[in-house]
Amino acid sequence: MDMEKELGHIFSDALTWILSTVTGFSPGTLSQDKDTDFDDIMGVMNLNGKKNGLLFVSAKEPAMRLLCSRMTGVPDDEVPAGEAEDLLCELVNMTAGNAKLRLSNTDYAFALTQPIVIKGDKMSLIVKNRTHIISRTIGNKEIAVKLKVVY
73 MDMEKELGHI
83 FSDALTWILS
93 TVTGFSPGTL
103 SQDKDTDFDD
113 IMGVMNLNGK
123 KNGLLFVSAK
133 EPAMRLLCSR
143 MTGVPDDEVP
153 AGEAEDLLCE
163 LVNMTAGNAK
173 LRLSNTDYAF
183 ALTQPIVIKG
193 DKMSLIVKNR
203 THIISRTIGN
213 KEIAVKLKVV
223 Y
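Going by our numbering, the sequence shown opens with residue 73, and the numbers climb by one from there.
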């Protein structure tokens with residue numbers, strides 16, 4: 073298996089496991105593509121190592137509120153402001169931490185950094201030709217979360 077496919081599996085398996093463990097949500101992989109668009113709320117982490125990269129996890133804000141609701145039991149329309157962003161940072165941090173353990177003895181080992189959240193409409197990623205993008209949409213008809221790893 074080539075490394076891009078392996079990295080795709082490592083990061084998407086990490087996010088899928090975390091979503092199901094933390095929120096009880098049982099997602100599947102909806103698509104694997106080179107999509108460079110993001111939803112309106114995005115968590116980002118810089119992956120510092122021999123091969124630097126970026127981890128992105130994005131979703132529509134109503135989907136993040138629904139995930140918060142599943143995690144806390146608070147109805148999604150009563151989830152306090154800022155909770156969706158906090159959960160997104162935690163998802164990014166836990167996904168990166170899981171992948172870090174699996175990649176620790178490879179050329180793709182990296183250190184964790186502080187996750188941040190970016191919000192906005194119609195965000196997209198523009199990269200140089202030789203940049204690798206791993207893109208997955210994880211979820212079901214109810215909730216979709218986009219995962220991207222750029223290196």
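Ideal placement from N, C-alpha and C gives every residue a C-beta, glycine not left out.
Item                                                                                                                        : Value
Residue 109 - partner residues in DSSP beta bridges                                                                         : 196
Whether residue 115 touches residue 206 by CB criterion (8 Å)                                                               : no
Where residue 190 sits in the DSSP three-state scheme                                                                       : strand
Close Cβ partners of residue 109 (< 6 Å) along its chain, the five nearest in sequence each way excluded                    : 196
Assigned secondary structure, residue 207 (DSSP; H/G/I helix, E/B strand, else coil)                                        : strand
Limits of the beta strand (DSSP E) - the one that residue 220 falls within                                                  : 216-222
Alpha-carbon to alpha-carbon, residue 181 and residue 119                                                                   : 9 Å
Alpha carbon of residue 89 to alpha carbon of residue 142, nearest angstrom                                                 : 15 Å
Residues of its chain near residue 97, where Cβ-Cβ distance is below 7 Å and the 5 sequence neighbours each way are ignored : 91, 139, 142 and 215
Classification of residue 224 by the beta-carbon crowding that lies within 10 angstroms, buried from 16 upward              : Past the boundaries of the shown model lies residue 224; the chain is included only from 73 to 223, so the question cannot be answered.
Span of the alpha helix (DSSP H) around residue 164                                                                         : 155-175
Cα-Cα separation between residue 148 and residue 204, rounded to whole angstroms                                            : 36 Å
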